[in-house]
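First up is the structure itself, then whatever we jot down about it.
There are 2 protein chains.
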Amino acid sequence: MRSEDIEDYAKGSTNAHKMAAKQQEISVTEFFEKNKQILGFDSRSKSLLMGIKEAVDNALDACEEAGFLPDIHVRVERFQEDDEYRITVEDNGPGIIHKMMPNVFGRLLYGSRFHALRQSRGQQGIGISATVMYGNITTGKPAHIESKIEGNDEVAWKMDITIDTKTNRPIVTNDTAFAHEGWEHGTKIEYTTKGRYITGRQSIFEYLRNTAIVNPHAKVEFHDPEGKKYIFERATEQMPPKSKEVKPHPEGMEIGDLMKYVQNTQQKTVRAFLKSDFSRITDRIAEEVLEKAGVNPSAKPSSLKREDCKAIIGAITQVKIMAPPTDCLSPIGDTLIKKGLMHILDGMKPEYYATPVTRPPKAVNGNPFVVEAGIVYGGEIPSDGQVTILRFANRVPLLYQQGACTITKAISEVDWRRYGLEQRGGKGIPFGPAIILVHVASTKVPFTSEGKEAIASFPELQGEVEQALRLCARNLKSHLNKMERKSKTHAKFEIVQELIPAMANKTSSMLGRPVPDLSGTISKIMNVVWVEPGVKKGGKNVLTVNYTVYNYTTQERTLRLHAHLPKECVNLTLFTNPNFIDMNDEGKTTWEIKSLLPSSSTIISFELKGDMADTFDADDIYISGINPVLVMGAEALPGDWGIKGLDITESDESIAAYEEEEIEEAEDLGEE
Amino acid sequence: MRSEDIEDYAKGSTNAHKMAAKQQEISVTEFFEKNKQILGFDSRSKSLLMGIKEAVDNALDACEEAGFLPDIHVRVERFQEDDEYRITVEDNGPGIIHKMMPNVFGRLLYGSRFHALRQSRGQQGIGISATVMYGNITTGKPAHIESKIEGNDEVAWKMDITIDTKTNRPIVTNDTAFAHEGWEHGTKIEYTTKGRYITGRQSIFEYLRNTAIVNPHAKVEFHDPEGKKYIFERATEQMPPKSKEVKPHPEGMEIGDLMKYVQNTQQKTVRAFLKSDFSRITDRIAEEVLEKAGVNPSAKPSSLKREDCKAIIGAITQVKIMAPPTDCLSPIGDTLIKKGLMHILDGMKPEYYATPVTRPPKAVNGNPFVVEAGIVYGGEIPSDGQVTILRFANRVPLLYQQGACTITKAISEVDWRRYGLEQRGGKGIPFGPAIILVHVASTKVPFTSEGKEAIASFPELQGEVEQALRLCARNLKSHLNKMERKSKTHAKFEIVQELIPAMANKTSSMLGRPVPDLSGTISKIMNVVWVEPGVKKGGKNVLTVNYTVYNYTTQERTLRLHAHLPKECVNLTLFTNPNFIDMNDEGKTTWEIKSLLPSSSTIISFELKGDMADTFDADDIYISGINPVLVMGAEALPGDWGIKGLDITESDESIAAYEEEEIEEAEDLGEE
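If you read the sequences in order, they're chains A and B.
Here numbering that gives the first Met the number 0 is used: position 131 in the first sequence is 130, and no number is missing along the way.
Here numbering that gives the first Met the number 0 is used: position 566 in the second sequence is 565, and no number is missing along the way.
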C-alpha cells in the first residue's frame with residue numbers, strides 16, 4: 000500500500016497529511032543498527048567484550064543443554080592496522096545442524112530459548128546475531144562459522160554469514176562441508192570487529208575470570224592479543240543440575256495474558272485448561288478458583304469474557320497455590336559459590352569466606368527466581384575503597400551498568416554498619432575489605448535492556464536480594480564476633496595458664512610446700528568449654544579435621560557439635576568416630592560428647608577427601624544441648640539450621656533480634 | 000517450512016537436532032510483551048507514568064511539527080475497584096489522518112521519526128503502542144482514540160485499538176466518524192491501565208512540572224486522581240525554532256554503513272554520491288577525500304569494494320570537514336532555560352540562577368548533538384543532601400534510572416569542591432543547596448533502552464556534558480566569589496565612610512578647625528571603581544535597571560561595561576543612553592564611560608520589557624578596558640564572551656587556569 004498512499008498524503012494540504020506521508024514501518028534490524036548502545040555496543044572497549052560475552056554465553060548454554068562439561072577457547076588477535084580485532088570462540092558443545100546455522104547467527108529475534116520457561120543465559124535470540132551485525136558494520140567483513148554435530152558419520156560445515164538489515168535475514172556465502180579430524184562436536188565462531196582492548200575491572204579477562212567463579216564446571220582458555228595464554232581450570236567435574244522447562248505459574252499473571260491463553264488453549268473446558276496449561280494447579284485448586292470466580296468449570300475456555308478472566312485472576316490471589324517449581328532453575332549452591340570464589344580469589348588470601356546463602360524460590364510475573372549471595376572478607380582485599388560487587392544473572396557476570404542494577408540498589412539499602420562494614424549514613428555502597436557476590440537465577444531475568452547489563456528493580460526481586468545479603472552478612476558478622484571473642488579469651492587463657500602456675504610455684508617454694516593441683520583453679524577462673532578446631536592438609540584435596548574439646552568448667556559437661564560438611568567428601572573416618580550421631584542429606588552433621596569430666600578433653604577427628612574438601616571451614620562449628628555462654632570457639636546452633644529433633648532453645652537470641660530488624664527494613668522497601 | 004522441519008529434527012537423535020526443533024522466530028511484540036521492563040513498564044507506579052510520558056511526548060512533537068503552541072490536558076482517574084486507572088491525554092496538535100490512526104497506536108516499530116535525522120522526542124515508533132499494549136495486557140481493555148485533522152469540512156474519527164501480539168498489527172473496533180463542535184484539530188487518547196499513583200520525585204506531577212521547565216512554550220493542564228487541577232502556564236509565546244531534517248554527517252561513519260549507502264544511492268558517480276548523500280561535503284571536499292583514498296571520482300558507487308570504502312573512511316578522518324549543521328537541533332537556549340527554571344522554582348527563592356551554558360554542537364556516530372547545563376543555587380533549596388539532578392533529553396524529563404545515565408556519570412566526574420559545592424573525595428554526586436539541570440538534544444539520543452530513561456555513556460557525549468557543567472559551575476563560582484568580595488568590601492566601605500568623617504569631625508572640633516574635604520582620603524583608602532546594580536520592577540514584565548558607577552580612586556577612569564540582555568526586551572531607553580556603544584545579535588551589550596573623575600559617579604539606566612525581562616540578572620555585569628583589580632561589583636569580561644574588537648587583555652587570569660585544569664580532566668575521561 001505504501002507508495003500510492005504516500006503520494007496521496009503528500010498531496011494533502013494539512014499537517015496531518017504531511018506527517019502521514021512519513022509514517023512507515025521500522026525493521027527490527029534497522030532499529031538495533033541505529034541503537035547499538037541498547038544491545039550493549041556503545042564504546043569500542045565495551046563492544047569488544049559484548050561480542051565475546053554473547054559467544055561464550057551461547058557456548059555454555061549449548062554444552063549444558065547437551066550435558067557436556069564445557070571446554071571453551073577464546074582468542075583475541077589484533078590486526079596490525081588500526082583498531083580491528085579478530086575474535087575466535089570455540090566450544091565442545093553439541094554443534095548446530097547445517098540448515099539452522101544461518102538463522103542462529105544471522106537473524107535477530109530468533110532462537111530456541113525465548114519461549115521456554117527455564118533458566119538459560121541466552122533468552123532473547125538477539126545477542127550472537129547482534130555480534131555478527133556489529134562486526135560487519137564496523138569492518139565490512141562477514142562472520143565465519145564452523146560447526147560439527149555428534150556422530151561419526153557427520154561432516155563439519157563452515158560458512159560466512161552477514162545480516163541483511165532491511166529484511167533481518169541471513170546472507171550466506173562460502174557454505175562448505177569439510178572433514179575435521181578429531182573434532183567430535185562443537186561450534187566455532189570467528190569474526191572481525193572494531194574494538195579497544197582494555198584491562199581492569201571491565202576487561203575480557205575479568206569477565207572470563209568471573210564466569211569461572213560461577214561456572215566451576217567449565218574450563219575456559221583465553222589467548223590475549225599479546226599472545227599470553229590464561230587457563231581457568233575446572234574446579235569441579237560435577238555438572239550443574241539441568242534446568243527443566245515448566246509451565247507458567249498462575250501467580251502475578253495479568254488479565255491480558257489470561258485472555259490470550261484462553262484463546263490459544265487446546266483444552267475443551269476451563270477446568271482442564273487451568274490444570275494442564277499452568278504449573279501447580281490441581282483439579283481441586285482449579286475447582287476452588289472457578290467456584291470463587293463464579294465461572295462454570297465445564298465452560299469452553301474461548302467462551303470466557305473479560306469479566307470472567309478478571310474474576311479468575313481475582314480468585315487466584317485468594318486461593319493458596321504452591322510456590323513455583325524450582326527444577327526450572329539451576330542455582331549455583333552455597334558450596335560451589337564458595338569453591339568458585341576460593342578458586343579465583345585465593346591469591347588475595349581472604350580472612351574469611353562467609354557461608355553463602357541460597358534463598359528459597361519466589362516468582363515475579365509468573366517467572367520463578369532464586370537469589371544467592373556470598374561475601375569474602377579481609378586478607379589482602381583492598382580496604383580503603385568501596386567493596387567490590389560481583390553481579391551475576393543466570394551464571395553470567397554483569398560488568399557494566401552497575402548503577403542501574405537492582406543488585407546495587409539492594410546493596411545500598413542494607414545497613415552494613417550493623418554487619419561490620421563502614422557505610423556513611425547507613426545507605427549506599429559500603430566501604431571495606433570485602434567482595435560481595437550476588438547471583439540471580441530465573442527463567443526470565445528482567446534485564447533493563449537487550450544488552451543484559453543490569454537487572455530491573457522489581458520490588459519483589461530487590462527485596463529477595465536484600466534478604467540474601469542480610470543473611471550472608473550475618474554469617475560474616477558472627478564470624479567476626481567469634482574471632483574477636485576468641486582472640487580475647489585466648490589472651491586471657493594464656494595469662495591464666497602461665498601466671499597461675501608461676502604464682503603457685505613461687506608461693507610453694509617460698510613456703511616450702513608442694514605445688515598444688517591447679518586444674519580446678521584454672522577451670523574456676525576460666526569456666527568455659529573450649530572447642531579448638533585443627534586442620535591438616537594431607538596432599539591434594541585431602542583434609543584432616545580435628546576438634547579438640549576441653550572442659551575448663553567445674554562440672555561434667557554433655558554437648559552436641561554440629562558442622563555442615565561437603566557431603567561428597569566424607570569417608571569412613573567420619574562414621575566410625577564414636578561421637579558421631581548423624582549426617583543429613585545436605586551434609587549437616589551432629590556429634591555428641593557425653594559427660595566430659597572437668598579439666599579433661601576429647602578429640603573428634605575425621606577426614607575429608609575430594610574436590611570440595613577445601614570449601615569446608617573448620618571454624619564454622621556449632622553447639623547445642625549446652626548453655627552457649629559457657630562455650631568458647633563454637634557458636635550456638637542457629638534456629639534456621641534445620642535439623643529436626645534437636646534442642647535449640649538455647650540458640651542465640653541476637654538472631655531473633657536481627658530477624659525483627661530485617662522485617663522492619665523489608666517493609667520499608669521502596670521502589671528504585 | 001516450520002512444521003515438517005520440526006518433525007524431521009525431532010526424529011534426529013543428536014542434541015543438535017533436539018535443539019533445532021525448538022528454534023523459532025520471536026515476534027517483536029511478544030519480545031516486548033515478555034520484557035515490559037525494557038520499555039520502562041516494570042513497577043506499577045512507573046508504568047503509570049510511562050504511558051502518560053509517551054502520550055505527552057507525542058503530543059508535544061506533533062504540535063511543534065505543525066507549528067502550534069501546545070495545549071495539553073492530562074487526566075488521571077482512579078476506578079473504585081482495585082488498582083485500575085483511566086488516563087486521558089488530549090492535545091491541540093494537527094491530528095492524525097483516519098487511515099493512519101491504527102498503525103500509530105497499534106503497531107510497534109512504526110513511526111515517522113525514526114529515519115529522519117532531526118531532533119524529536121519520539122524516535123523509535125514504540126512508546127505509544129507499548130502504552131496501548133500494556134493497558135490492554137493489564138486490564139483487558141482496548142485504548143480509545145479520537146482525532147480531528149485541520150479543515151472545517153473534516154469530521155473527527157474515533158476508534159478502539161488493541162495490538163495483535165502474534166502479528167504486531169492493530170485490531171480496530173468501533174471505528175466511527177463523528178462531529179465535534181468547536182474541535183479544530185487535535186488528538187485524544189484514553190486508556191485504562193493498572194498502576195499505582197505516587198507523589199514525589201518520580202511522580203506524574205514532577206514529570207509534567209519538569210516538562211514545563213524545558214518547554215516554556217507549552218501549556219499543560221493536569222487533573223490528578225483526587226480531582227485537583229494543576230495548570231502549568233506558558234512561560235513564553237515564542238515557539239522553539241523548528242528542527243530541520245539533515246543528511247548524515249560523514250564523521251564517525253562505520254565502514255558497514257558506507258557499504259550500504261553505496262549500494263542504495265541514486266547517484267551515478269562516487270563524487271556525486273558523497274556530495275549529495277551527506278551533509279557538509281562539497282565538490283572540493285569530495286575530490287580531496289577521493290584523491291586521498293585513491294578512488295576514481297567517476298566510478299559507479301556500487302562498484303566500490305570493501306577496501307575502497309575503508310580507504311574513503313580513512314580519508315574522511317584526514318580531511319577537514321565542517322562540523323554538522325545545527326538546524327536539525329532545537330536546544331532550549333540559556334535564556335529560556337533560566338526562564339523555565341525561574342517559572343517553576345521561584346517558590347524556593349533561590350539565591351542565584353547561574354547563567355546556563357549551551358555548548359557548540361558536536362557529533363557522535365554521525366548524529367549531531369548539543370549539551371546545555373544550568374545550575375540553581377541557594378535560597379530555600381535543601382542544603383543537607385545531595386544536589387537535585389534534572390536530566391532532560393530532547394526536552395523530555397528523565398525521572399528514572401539516574402544511576403545509569405551519562406549525565407549522572409558526568410556530574411560525578413566533575414570536581415565540584417572547586418566550584419563551591421561539597422563533594423567527598425572530589426568524585427560522586429555533590430552535596431549542597433543546588434539543582435543541576437542538563438539537557439542533551441540530538442537527532443538520535445543514545446538511550447540505554449527503549450524505555451528512554453537514561454542516556455548511554457559515549458565518551459564524546461559524556462565529555463561534552465562535563466564541559467558544560469564546568470562552564471556553568473564557573474559562572475556559579477564567580478558569582479559566589481563576587482558576592483563574598485562584595486560583602487567584604489561593603490563592610491569595609493561602610494566603616495570607612497562612617498569612621499573617617501566621624502574622626503575628622505571629632506579632631507576638627509577638638510582642634511577648633513574646619514572639617515576638611517575627605518573624598519580624596521576615602522578614595523585613597525578604598526582605591527576602587529564601584530559598580531552598583533539597581534533593579535526596579537515596574538509592573539508585570541517591566542524592569543528598570545540602573546548601574547551606578549562611582550570612582551573611588553585618585554585618578555580619572557575610563558572603562559567599558561558589558562551585559563547580556565534579553566534582546567527582545569530592550570527598547571529605546573537602551574539606545575538613547577549616551578554611554579551605549581553596541582548590542583550584538585545575541586543581546587550582548589557594551590557601554591563606555593569616559594574619563595570619570597575621582598570622587599564622582601555616573602548612572603547607566605535602561606528599561607527591559609516583556610516575557611523574558613525577569614531572566615536578566617543585573618549582577619551579571621562585566622568590565623573591560625580597566626584593570627579588573629580596581630573594580631568592585633563587576634567581573635572582568637571573560638575571554639569567551641565573543642565580542643570582537645574589544646581589548647580583553649586584562650581578562651581574569653583565573654579563567655585560563657580553569658581552562659587548563661579542565662583540559663587535563665577531559666583527558667582523564669574514562670569510560671563508564
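Cβ coordinates follow ideal geometry from the N, Cα and C atoms, glycine included.
No experiment lies behind these values; they were computed from the predicted model shown.
Residue environment, residue i, which counts as buried when at least 16 other CB atoms sit within 10 Å
i       : result
I37(A)  : buried
S518(A) : exposed
A15(A)  : buried
E555(B) : exposed
D152(B) : exposed
L335(A) : buried
I580(A) : exposed
L672(A) : Residue 672(A) lies beyond the residue range present for chain A, which begins at 0 and ends at 671; the question has no answer from this structure.
P141(A) : buried
M509(B) : exposed
E740(A) : The structure shown does not extend to residue 740(A), since chain A spans only 0 to 671, so no value can be given for it.
D282(B) : exposed
N57(B)  : buried
Cβ shell of residue i (< 7 Å), same chain only, five flanking positions each side left out
i       : result
K243(B) : R117, D326 and C327
S12(A)  : none
P688(B) : Since the displayed chain B opens at 0 and closes at 671, residue 688(B) lies outside it and no answer follows.
L596(A) : N550 and E555
A54(A)  : V88, I127, T130 and I188
Per-residue contacts from residue i into chain B (C-beta, under 9 Å)
i       : result
P445(A) : N34, K35, Q36, I37 and D41
Listed by chain order, chain B residues near residue i by CB distance under 8 Å
i       : result
H216(A) : Result: empty, since nearest Cβ-Cβ is about 17 Å, beyond 8 Å.
Q461(A) : Within chain B, no residue comes near Q461(A); the closest Cβ sits about 10 Å away, beyond 8 Å.
A403(A) : Q400, G402, A403, T447 and A453
Contact set between residue i and chain A, taken where Cβ atoms lie within less than 7 Å
i       : result
I148(B) : T13 and A15
N102(B) : Q22
Proximal residues of chain A, C-beta to C-beta of residue i below 8 Å
i       : result
V137(B) : It should be noted that the sequence gives Thr, not Val, for residue 137(B). Here the neighbours are E253, I254 and G255.
K309(B) : G139
M258(B) : G139
Q123(B) : I25, F30 and N34
C-beta contact flag for residue i and residue j at 8 Å
i       : j       : result
L560(A) : F615(A) : no
L397(B) : A453(B) : yes
V375(A) : Y352(A) : yes
V269(A) : K291(A) : no
P93(A)  : M18(B)  : yes
V544(B) : M631(B) : no
L674(A) : A217(A) : Because chain A here runs from 0 to 671, residue 674(A) falls outside it and cannot be looked at.
Chain-ordered neighbours of residue i on chain B, where CB pairs are closer than 7 Å
i      : result
V27(A) : V27 and L108
Cut-off 6 Å between Cβ atoms - residues of its own chain near residue i, not counting five sequence neighbours on either side
i       : result
T161(B) : N135, P141 and I170
Closer than 7 Å: residue i CB and nearest the ligand SAH heavy atom
i       : result
K481(B) : No copy of the ligand SAH occurs in the structure displayed, which carries no ligand at all.
Residues near residue i by beta carbon distance below 8 Å, same chain, minus five either side
i       : result
K679(A) : A query on residue 679(A) cannot be resolved here, the shown segment of chain A reaching from 0 to 671 and no further.
Problem set entry | Start-end ranges of the beta strand (DSSP E) lying completely within the region 514 to 555 of chain A, minimum 3 residues | 527 to 536 and 541 to 551
For this session: Would you mind listing the beta strand (DSSP E) stretches within the region 593 to 645 of chain A that are 3+ residues and don't spill past its ends, in chain order?
Result: Runs found: 600 to 608 and 621 to 623.
Exercise. Which full runs of the alpha helix (DSSP H) of 4+ residues lie inside the region 358 to 420 of chain B, going along the chain?
Worked result: Runs of the alpha helix (DSSP H) inside the region 358 to 420 of chain B: 405 to 412.
For this session: Taking only runs that begin and end inside the region 285 to 367 of chain A, name each unbroken alpha helix (DSSP H) of 4 or more residues, in chain order.
Result: 305 to 317 and 333 to 344
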